[in-house]
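Participant: My questions all concern the structure below.
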Amino acid sequence: VNRSTRRAVLATGAGAALAGAAAGLTYAAGPATAVGTTEVDAGDDGIVPFRGPRQGGITTAAQDRLHLVALDVVTDDADALRNLLTRWTVAAERLTLGAEAAPGGVAGGGPWKVPQDTGEALDLAPGRLTVTIGYGPRLFDDRFGLSDRRPEALRELPAFLGDALDPARSGGDIVIQACSDDPQVAVHAVRNLVRMGFGVVSARWSQLGFGRTSSTSQAQVTPRNMFGFKDGTSNITSEDTDALDEHVWVAPQDVSGGAAWLAGGSYLVARRIRMHIEVWDRTPLMEQEEVIGRDKKIGAPLGRSAEFDEPDFAALGTDGLPRIPATAHVRLAHHDNLGGVRILRRGYNFTDGTDGQGHLDAGLFFLAYMRDAHRQFVPMQRALARADHLNEYIRHTGSAVFACPPGLAAGDDWGTQLFG
Amino acid sequence: VRPRSLALAAAFAVPALALTGCAAQDAEDAAGGAITVKATDTACEVSRTSAPAGQIEFTVTNAGTKVNEFYVYAANDRVVGEVENISPGLTRTFLVDLSDPGTYRTACKPGMVGDGIRADFTVTGSAAAAPTSTDAALASAVTEYREFVSGEADEFLEQTAEFVALVKAGKVSEAKALYPSARSHWERIEPVAESFGDLDPKIDGRAEVVADGMAFTGYHRLEKDLWVDGLQADSPAIADQLLTDVTELVEKAKAVELNPLQLANGAKALLDEMATSKITGEEETYSHTDLWDLDANFEGAEAAIDALRPYLTAKNPALMATIDQRAAAFDEVIDTHKKGDGFVLYPELSPADLKALTAALDAFSEPVATLAGEVAGT
Chain A
43 VNRSTRRAVL
53 ATGAGAALAG
63 AAAGLTYAAG
73 PATAVGTTEV
83 DAGDDGIVPF
93 RGPRQGGITT
103 AAQDRLHLVA
113 LDVVTDDADA
123 LRNLLTRWTV
133 AAERLTLGAE
143 AAPGGVAGGG
153 PWKVPQDTGE
163 ALDLAPGRLT
173 VTIGYGPRLF
183 DDRFGLSDRR
193 PEALRELPAF
203 LGDALDPARS
213 GGDIVIQACS
223 DDPQVAVHAV
233 RNLVRMGFGV
243 VSARWSQLGF
253 GRTSSTSQAQ
263 VTPRNMFGFK
273 DGTSNITSED
283 TDALDEHVWV
293 APQDVSGGAA
303 WLAGGSYLVA
313 RRIRMHIEVW
323 DRTPLMEQEE
333 VIGRDKKIGA
343 PLGRSAEFDE
353 PDFAALGTDG
363 LPRIPATAHV
373 RLAHHDNLGG
383 VRILRRGYNF
393 TDGTDGQGHL
403 DAGLFFLAYM
413 RDAHRQFVPM
423 QRALARADHL
433 NEYIRHTGSA
443 VFACPPGLAA
453 GDDWGTQLFG
Chain B
57 VRPRSLALAA
67 AFAVPALALT
77 GCAAQDAEDA
87 AGGAITVKAT
97 DTACEVSRTS
107 APAGQIEFTV
117 TNAGTKVNEF
127 YVYAANDRVV
137 GEVENISPGL
147 TRTFLVDLSD
157 PGTYRTACKP
167 GMVGDGIRAD
177 FTVTGSAAAA
187 PTSTDAALAS
197 AVTEYREFVS
207 GEADEFLEQT
217 AEFVALVKAG
227 KVSEAKALYP
237 SARSHWERIE
247 PVAESFGDLD
257 PKIDGRAEVV
267 ADGMAFTGYH
277 RLEKDLWVDG
287 LQADSPAIAD
297 QLLTDVTELV
307 EKAKAVELNP
317 LQLANGAKAL
327 LDEMATSKIT
337 GEEETYSHTD
347 LWDLDANFEG
357 AEAAIDALRP
367 YLTAKNPALM
377 ATIDQRAAAF
387 DEVIDTHKKG
397 DGFVLYPELS
407 PADLKALTAA
417 LDAFSEPVAT
427 LAGEVAGT
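Protein sequence lines correspond, in order, to chains A and B.
This note's numbering numbers the first residue of the first sequence as 43 and each following residue consecutively.
This note's numbering numbers the first residue of the second sequence as 57 and each following residue consecutively.
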C-alpha cells in the first residue's frame, strides 16, 4: 500500500479553507446582509429562521456543536414516509424556536400520557439551532414512487484510493443535521425527531461533533482541527453570494423534470475522517507544517506571513525545492489547482472515546455542501487520495452523500416538497 | 428479573380512575358563542373568563409580532386544548371539550416558549357522565384478560410440574427440551406473575440475586445445572422448591384483581422487558433460548391489547390500526428465526438480525406506550 496516497478530504476543507483564508479578512468587517439568498443571522434570542429560500444549517454561521443522524426508511409505505416528513417539519420548526417538540410536550399530557417531548432541552435557549434535512440516493429507488424525482447527480460516491469505509457508518436514506451552540439542544432535536419516526425510519448511524472546523461567515475566526491547524481558511462564506450561486446552490437548470424540487438546494457530502493523532502528535513541527503547507501558529501559507495571504505555489526555498511541497495538503486542495472547484465546508471535530487499543478515536467529521458532488467533491478527493502527504495520518471510515432541498416557504412542508 | 413491575404498581394506586369514562354531550351553545382571545407579545386578552361545561369555541387572534400559541390547561398543566403556530396577524378558531366543571387556566405563549401569559378560566355546571358503554367495554376487557392470565397460569403450573419431574429423574435432554416451553407461559403473563414480592426472584432470579443476599434458586439455577454444570446434588431439592413456589404463584395470579390501566401498562411492560433484557440475550445466559421468551412476551402484550380491542377500536381506530400493522411487522421479523417447533439460539443471531428485531420492536412499542393514556386519559 502506498501510504502517501491515502490522504484526502481533510484537504477539501483544509486546502480550500487554508488557501481561501486570504480573502476572508478583507471583507470581514462587513455585516451579513444577504437576506434572500442566504438566511439572516440569528437575532439576540438565538433563533435562526426555519423558513426561507434556503435551509438553515448550510450558510448559517457555523454553530459550535453538531449531532447528525443518517436514517434508513424501514417501511414500504410511501404515505407513512410522507406523513413523517410533514410531522417532522412541524416539530423541527418548533424546536428551532426553542419550543417543545409538540405543544405541552413535556408535561402537558397529564399523568397517563407518554410525554411527546423528552424534556432535556426545556428552558434551554435554542442556541441558533438549525435542523437540515437531506435525502440519499437509495430513497429514490422503486420503494416510494420517487424514482422519477431522483436528481441525476444524486449518485453514490465512487471508491477512493485508501478508503477504509465501514458500511455501518456510511450511506443512509435520510440525513438530519442538527447544529446548535448548545450540544444538549442539538442532541435533543435529533432524539425527538428519531423517536417520532419509529416504524418508518431507523437510525443507521450518527455522529456527534464538537468544535466547528470551518467558518461559514466572515465574522467568524478560523477554527482549528484536531491536528492543531487552522482549518477552513479559504472556505466560501455566506457573504459571498456569487460564489454560493456558482459552487453551492443547485441551479434550476441543473435539475429538470421530476427533480426540479432540488432547485435552490445543495448536495451534502459527509466523510468521517479518523486521525491517527498519536502518530501526528509525535511528528516534529517542521514536518507537520510541510504536510499541511501552512505555518501552525498563525496559519500563513509557507513562505508568507499572514493567515489570509494567498499561497505562492511557485516559490522555491533556499534548497531549490518548492516552499510549499508538491504533496502539501494546501497545494492539492487549493481551487487554483483543481480547475477552480470550491465547496462550502461545515465540518466538526469529533472524539468517539477510545478505540480499545489505547488510542483516541478522534478526527474530523467532514461535512461539505456543494452544487454537484460528482463535479466538485469527487475530483477534489481523487487529487487528495492520490498524493496528499496528510494521508499518512488519516483514514476515511465513513461516507455518505445526500441531496438537501431548498428552504420552505410559509405553509410548505418537507413531505409535500419531496413528493409533490 | 428486574424491577419492571413498577408500571403495574403505579397502576394499583388508582384503580378507580380508568372507569370514570368520558363525559357529556356537546353543550349546544356555550352561552354567548365563541370566546375571543387577543394575543400580543405581552398580553393575552380573553373576552370571557367563564363558560358553561361543554364544547367551548375559542377564536384567537395574534396581534403581536411573534409567533404565538394559545393553551387551555387543567390542573397540573395538563393541556386540554391548544392551537399552535399562530403567525402574527392570523386568527385561528378551535374547539375545546371542557365537560368537567372546575377551574382551568388559559395561556398565550408569545414565541412559543415559557409558561405563557396565564389567567384563570372557570367552567360552570354540574359534572355529567353516567357510566357509558366505554366502561362496559373496559370491564369486559379485564374479564377477558383475566381468563388469559388464568389459562397461562394453569399451563405454567402443569409444565413446571413436568419439568421438575424430569429434572428429578435425571432426564437432562428431556428437561432441556421442555425448559423454554414451560417458561414461555411465565413470560406471557410476566407483569402479573412477577408482582408477588419475593416469589419472582425465587422462581425467575438470575445468578446476580446472590449479591442481594438471596440463594440462587428456581428456573435459572436449574438452567445452569442443565446446560453448564450438570445436575448437582441439590438439584432435586431446588426443583421441589420451584414447584412449591410456582404453585403458590399460580394461586395468587389467578386471584389477582386487575383494572384496565394494568392491561395497558402490562402490555408496555412486556415490550420494555423485551427491549432491555431479551433482545440483549441476558435472560437465558446458559440455554440461549431468549427468542422463546421474546416471542412469549410479545404474545402476552398482544393478549392484553386484544382484550382492549373493542374499547380502542371505538375510541381511537387509527391507533388500533397502527398497533395491528406494527404487531404484524414484528411478527414477520421474529418468524424468520423460527426453527422446528421453536427458534434459533441467541448466539446465532447476527448484529443485523438484532437490529431488525430492535427496529420492529421500537416501532411497535411507541404506539403501545400510549395505551395507558387512551385508557386513563380524558
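For glycine and all other residues, C-beta sits at the position ideal for the given N, C-alpha and C.
The structure displayed is predicted, hence computed values, not measured ones.
Contact between the region 242 to 249 of chain A and the region 262 to 276 of chain A: three or more CB pairs below 8 Å?
Facilitator: No: the two stretches stay apart, fewer than three of their Cβ pairs being nearer than 8 Å.
Participant: Thinking just about the alpha-carbon of each residue, which of B:Thr92, B:Cys164, B:Asp210 and B:Gly89 is nearest to the one in Gly120 of chain B?
Facilitator: For the residues B:Thr92, B:Cys164, B:Asp210 and B:Gly89, the minimum Cα distance to Gly120 of chain B belongs to B:Cys164.
Participant: Taking beta-carbon pairs under 8 Å, can you tell me which members of the region 123 to 141 of chain B lie near chain A?
Facilitator: So the list reads Val123, Glu125, Tyr127, Tyr129, Ala130, Asn132, Asp133, Arg134, Val135, Glu138, Glu140 and Asn141, given in the order they occur along the chain.
Participant: Using beta carbons (cut-off 8 Å, strictly below), is Val93 of chain B in contact with chain A?
Facilitator: Taking Cβ atoms only, chain A never reaches closer than 8 Å to Val93 of chain B, which makes this a no.
Participant: Using the DSSP secondary-structure output, state which residues sit across from Trp247 of chain A in a beta bridge.
Facilitator: Beta-bridge pairing links Trp247 of chain A to A:Ala112.
Participant: Can you tell me the Cα-Cα spacing of Glu313 of chain B and Leu319 of chain B, whole angstroms?
Facilitator: Approximately 11 Å between the Cα atoms of the pair.
Participant: Does Pro59 of chain B get closer than 8 Å to chain A when you measure Cβ to Cβ?
Facilitator: In this prediction, Pro59 of chain B scores a pLDDT of 43, lower than 50, which makes its location untrustworthy; the coordinate-derived value is nonetheless stated afterwards. Taking Cβ atoms only, chain A never reaches closer than 8 Å to Pro59 of chain B, which makes this a no.
Participant: Under 8 Å, Cβ to Cβ, is there at least one residue of chain B near Pro145 of chain A?
Facilitator: Judged by the 8 Å Cβ criterion, Pro145 of chain A is in contact with chain B.
Participant: Quick one: which chain A residues come within Cβ less than 7 Å of Ala415 of chain B?
Facilitator: By Cβ distance, chain A contributes Val116 and Ser244.
Participant: Find out if the Cβ-Cβ distance for the pair Gly99 of chain A, Thr160 of chain A is shorter than 8 Å.
Facilitator: No, they are not a contact pair.
Participant: Run through DSSP, which three-state label would Asp418 of chain B get?
Facilitator: DSSP places Asp418 of chain B in helix when its eight states are reduced to three.
Participant: So for Pro71 of chain B, helix, strand or coil by DSSP?
Facilitator: Residue placement at Pro71 of chain B is poorly supported in this model, since its pLDDT is 38, which falls under 50; the coordinates are not used for a value here.
Participant: Can a CB atom of chain A be found closer than 8 Å to the CB of Ala87 of chain B?
Facilitator: No answer about Ala87 of chain B holds up, because its pLDDT of 48 lies below 50 and its placement is not dependable.
Participant: Nearest chain A C-beta to Phe68 of chain B closer than 8 Å, yes or no?
Facilitator: The predicted position of Phe68 of chain B is uncertain, since its pLDDT is 38 and thus under 50; no value can be drawn from it.
Participant: If I measure Cβ to Cβ from Phe150 of chain B and keep anything under 7 Å in the same chain, skipping five residues before and after, which residues do I get?
Facilitator: Answer for Phe150 of chain B: Phe114, Gly137 and Val139, listed in chain order.
Participant: Quick one: is Lys395 of chain B buried, meaning 16 or more other Cβ sit within 10 Å of its Cβ, or exposed?
Facilitator: Exposed is the call here.
Participant: May I ask you to report which of helix, strand or coil DSSP gives Lys395 of chain B?
Facilitator: It is a strand residue.
Participant: Just reading off the beta strand (DSSP E) that Arg129 of chain A is part of, what are its end residues?
Facilitator: No beta strand (DSSP E) holds Arg129 of chain A; the alpha helix (DSSP H) holding it covers Ala120 to Thr138.
Participant: Quick one, are the C-beta atoms of Gly440 of chain A and Trp303 of chain A less than 8 Å apart?
Facilitator: Taking 8 Å as the Cβ cut-off, Gly440 of chain A and Trp303 of chain A do not qualify as a contacting pair.
Participant: Do Ala104 of chain A and Ala312 of chain A count as a contact pair if the criterion is CB distance below 8 Å?
Facilitator: The answer is no: Cβ separation not under 8 Å.
Participant: How far does the beta strand (DSSP E) with Asn141 of chain B in it reach, from first residue to last?
Facilitator: Segment Val135 to Ile142, the beta strand (DSSP E) holding Asn141 of chain B.
Participant: Give the secondary structure of Lys227 of chain B by DSSP, where H, G and I count as helix, E and B as strand, and everything else as coil.
Facilitator: Coil, per DSSP.
Participant: Would you mind sorting Ser103 of chain B into buried or exposed? The rule is 16 or more other CB atoms within 10 Å of its CB.
Facilitator: Exposed is the call here.
Participant: For Glu307 of chain B, is the classification buried or exposed, using 16 other Cβ atoms within 10 angstroms of its Cβ as the cut-off for buried?
Facilitator: Classification of Glu307 of chain B: exposed, given that the 10 Å Cβ count is below 16.
Participant: List the whole-angstrom C-beta distance separating Ile216 of chain A from Gly251 of chain A, where the pair is believed to meet the contact cut-off of C-beta under 8 Å.
Facilitator: About 19 Å separates the two Cβ atoms, so there is no contact after all.
Participant: Any beta-carbon of chain B closer than 8 Å to the one on Leu139 of chain A?
Facilitator: At least one chain B Cβ lies under 8 Å of Leu139 of chain A.
Participant: Across the region 386 to 395 of chain A and the region 351 to 358 of chain A, are there enough close Cβ pairs to call them in contact, namely three or more that are closer than 8 Å?
Facilitator: Because the criterion of three Cβ pairs below 8 Å is not met, the region 386 to 395 of chain A and the region 351 to 358 of chain A do not touch.
Participant: Which runs of the alpha helix (DSSP H) fall wholly inside the region 98 to 122 of chain B and span at least 4 residues, in chain order?
Facilitator: DSSP runs (the alpha helix (DSSP H)) wholly in the region 98 to 122 of chain B: none.
Participant: Do Ser106 of chain B and Phe177 of chain B have their C-beta atoms within less than 8 Å of each other?
Facilitator: A contact, by the Cβ cut-off of 8 Å.
Participant: Buried or exposed for Asn234 of chain A, going by 16 or more other Cβ atoms inside 10 Å?
Facilitator: When all chains shown are included, Asn234 of chain A counts as buried.
Participant: Alpha carbon to alpha carbon, what distance is there between Glu340 of chain B and Glu404 of chain B?
Facilitator: The alpha-carbon atoms of Glu404 of chain B and Glu340 of chain B are separated by roughly 14 Å.
Participant: Within 10 angstroms of its Cβ, does Ile436 of chain A collect 16 or more other Cβ (buried), or is it exposed?
Facilitator: Buried: at least 16 other Cβ atoms inside 10 Å.
Participant: Please identify the residue among B:Ser143, B:Phe126, B:Pro108 and B:Thr98 whose C-alpha is closest to the C-alpha of Ala452 of chain A.
Facilitator: Nearest of B:Ser143, B:Phe126, B:Pro108 and B:Thr98 to Ala452 of chain A, Cα basis: B:Ser143.
Participant: So, does the CB of Cys78 of chain B fall closer than 8 Å to a CB anywhere in chain A?
Facilitator: Legend: pLDDT at Cys78 of chain B = 37, less than 50; position of this residue unreliable, value from coordinates given subsequently. Chain A, which has no Cβ nearer than 8 Å to the Cβ of Cys78 of chain B, makes this no.
Participant: Is Met376 of chain B helix, strand or coil when you go by DSSP?
Facilitator: Helix, per DSSP.
Participant: Rounded to a whole number of angstroms, what is the C-alpha to C-alpha distance between Ala120 of chain A and Glu203 of chain B?
Facilitator: Looking at the two C-alpha atoms, the distance is approximately 40 Å.
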